[in-house]
Every structure is written in structure tokens, then in C-alpha cells.
Amino acid sequence: MQKATLIIGFSLMLFMSWSAQALTHKKKHVKSTSSKDKHVSHHTNYSNEIEGIASYYHKKFEGRKTATGSIFKHHLYTAASNRFPLNTYVKVTNLSNQKEVYVLINDRMSAHNKRVIDLTHASVKRLNFKGSGLVKVRLTKVTKARAEEIIASYADEIKEEDTASTKNNKAATKVHKRKLTTKKQKNTSTKKSSKSNTKKQAVKPIPKKPIKKTVK
11 MQKATLIIGF
21 SLMLFMSWSA
31 QALTHKKKHV
41 KSTSSKDKHV
51 SHHTNYSNEI
61 EGIASYYHKK
71 FEGRKTATGS
81 IFKHHLYTAA
91 SNRFPLNTYV
101 KVTNLSNQKE
111 VYVLINDRMS
121 AHNKRVIDLT
131 HASVKRLNFK
141 GSGLVKVRLT
151 KVTKARAEEI
161 IASYADEIKE
171 EDTASTKNNK
181 AATKVHKRKL
191 TTKKQKNTST
201 KKSSKSNTKK
211 QAVKPIPKKP
221 IKKTVK
């Protein structure tokens, strides 16, 4: 009887020791996971289309690493969001003016952030809302092929704008040069004319008064 009691007591001690170790290991694992995922949202049920408030990145984030490991740059069409999986392409529609931009989700926002997306300055420029700071938008999931096609067209548009701007500047420069040349020619002609008139006036003889003869 005593042996049985000792065996049962020893078994209980082993079980309690094992349970304590398992609980400690679980707490450490939870703490480690939470520290790694401090910027990952609690949203797990992703949808293909949502509406919410959009904002844009601060300039201080330029050159920093995103959640995917890529370098953040404001001239790219990327974004941070907790409502879509990483490396998802979405169409962002400004509901106040219906302007659109396609972006790649390559970064995460703070888990407590109530906004649905943070955009780069290039994206904000297309949506035309930087002055207001925040704007209501609609996010729609799109295919990679469609998004990359549209984003590539943005680069072509910029090239066309730069080319047109260069041509306009050259044309304006030519017109300005023509105006300056014409002005110089007019000034030169006026100076020559005034000199010529001065010479003519100087050469003009002074008429002599006739001498009256007196008759005796």
C-alpha cells in the first residue's frame, strides 16, 4: 500500500513538473511571436474590396526597409496595409473625385491603426488629396498582370510629359530669342536713324538775309 502511494505521488510530481515546463515554453513562444508581429494587423479575414480612410507616408520613411524587405521610395507605387496579404496589388479609388491609382502592398501598418492604407507621394499625386491629408477611398484587389500593365503606363505618361515640357521650353526659348533679336534690331535702327537726322541738321546751311541797297 505504501509503495503504491509513493508511486502515485512520484507520478503526480513528474506530471506537475512537465505541465509547468510546457506552460513556460508556451508563454515564451507567445511573447516571441507578438514581438515579431508587432506591425502585423489582427485582421485575418481578407476581402476583395473595402472602403476606409487613406493617408500617406512621412518623408522620414524614405530609404527604410518594408515588411517584404524591399526599400521604401516615395516615387514608387507601393503601399502599406493590414487589410490585404503582402505582395497583393490593389486599385485605390479616391471617392471624393473618382481618381484612381494601382499600387503594390509591400508593407504593414501598426496593428492599432484604423486607416486602411498608407500611400507614397507618387500615388497621392495621382489621387490628388495631399492637401487634405486624409481621404476616403475604396480598395479593390486586382490581378498582378493588370496592375503591372497600368503601373508601367504611368512611367510612359511621365516620359511623354517630360518630352512635351522639353519641347515647350525649347519653343519658348526660341520665341524669347526672336523677341530679343527683333528688339535689338529696332534699337539699332532707331539709333542709326537719330544719328542720321543729327548729321543732316548739322550740315544744313544757314540762309543769309539779302542786303538792301539804298538809292541816293
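According to our numbering, the sequence shown is numbered sequentially starting from 11.
By construction, the Cβ of each residue, glycine as well, lies at the ideal position given by its N, Cα and C atoms.
Residue span of the alpha helix (DSSP H) that contains residue i, given as start and end
{"i": "Leu135", "result": "The identity of residue 135 in the sequence shown is Lys, whereas the question assumes Leu. Where Lys135 is concerned, the enclosing alpha helix (DSSP H) stretches over His131 to Leu137."}
Spatially closest choice to residue i from the options, by CA coordinates
{"i": "His84", "options": "Lys69, Thr98, Lys75 and Thr78", "result": "Lys69"}
{"i": "Lys140", "options": "Ser106, Thr192, Phe82 and Asn55", "result": "Ser106"}
{"i": "Leu144", "options": "Pro95, Glu159, Glu158 and Lys124", "result": "Lys124"}
{"i": "Pro95", "options": "Glu61, Lys101, Tyr56 and Lys135", "result": "Tyr56"}
{"i": "Val102", "options": "Glu159, Val134 and Gln195", "result": "Val134"}
{"i": "Ala121", "options": "Asn104, Arg93 and Leu137", "result": "Arg93"}
{"i": "Ser142", "options": "Tyr164, Glu110, Asn104 and Glu167", "result": "Asn104"}
Beta-carbon separation (whole angstroms), residue i vs residue j, contact threshold 8 Å
{"i": "Thr153", "j": "Tyr67", "result": "No, Thr153 and Tyr67 are not in contact; Cβ-Cβ is about 25 Å, not under 8 Å."}
{"i": "Ala89", "j": "Val147", "result": "At roughly 11 Å, the Cβ-Cβ gap does not stay under 8 Å, so Ala89 and Val147 are not in contact."}
Residues near residue i by beta carbon distance below 6 Å, same chain, minus five either side
{"i": "Thr76", "result": "Phe82, Asn116 and Asp117"}
{"i": "Glu59", "result": "Thr150"}
{"i": "Ala157", "result": "Tyr99 and Tyr112"}
{"i": "Thr78", "result": "Leu96 and Asn116"}
Any non-hydrogen atom of the ligand NAP within 7 Å of residue i CB
{"i": "His85", "result": "Here there are no bound small molecules, and the ligand NAP is not part of this structure."}
Same chain only: Cβ atoms within 7 Å of residue i, ignoring 5 sequence neighbours per side
{"i": "Ala132", "result": "His84, His85, Leu86 and Tyr87"}
{"i": "Ser91", "result": "Ile115, Met119, Val126 and Ile127"}
{"i": "Ser80", "result": "Asn116"}
{"i": "Ile161", "result": "Tyr87 and Tyr112"}
Residue i, enclosing beta strand (DSSP E) - first and last residue
{"i": "Thr150", "result": "Val145 to Val152"}
Same chain, Cβ closer than 8 Å to residue i, neighbours up to 5 away in sequence not counted
{"i": "Glu72", "result": "Phe82, Lys83 and His84"}
{"i": "Arg136", "result": "Lys109, Glu110, Val111 and Tyr164"}
{"i": "Asp166", "result": "none"}
{"i": "Asn138", "result": "Asn104, Asn107 and Lys109"}
{"i": "Glu61", "result": "Leu105, Val126, Lys146, Val147, Arg148 and Leu149"}
Practice task
Let me know the beta strand (DSSP E) ranges lying completely inside the region 64–112, each 3 residues or longer, listed in chain order.
Solution key: 88–90 and 98–104
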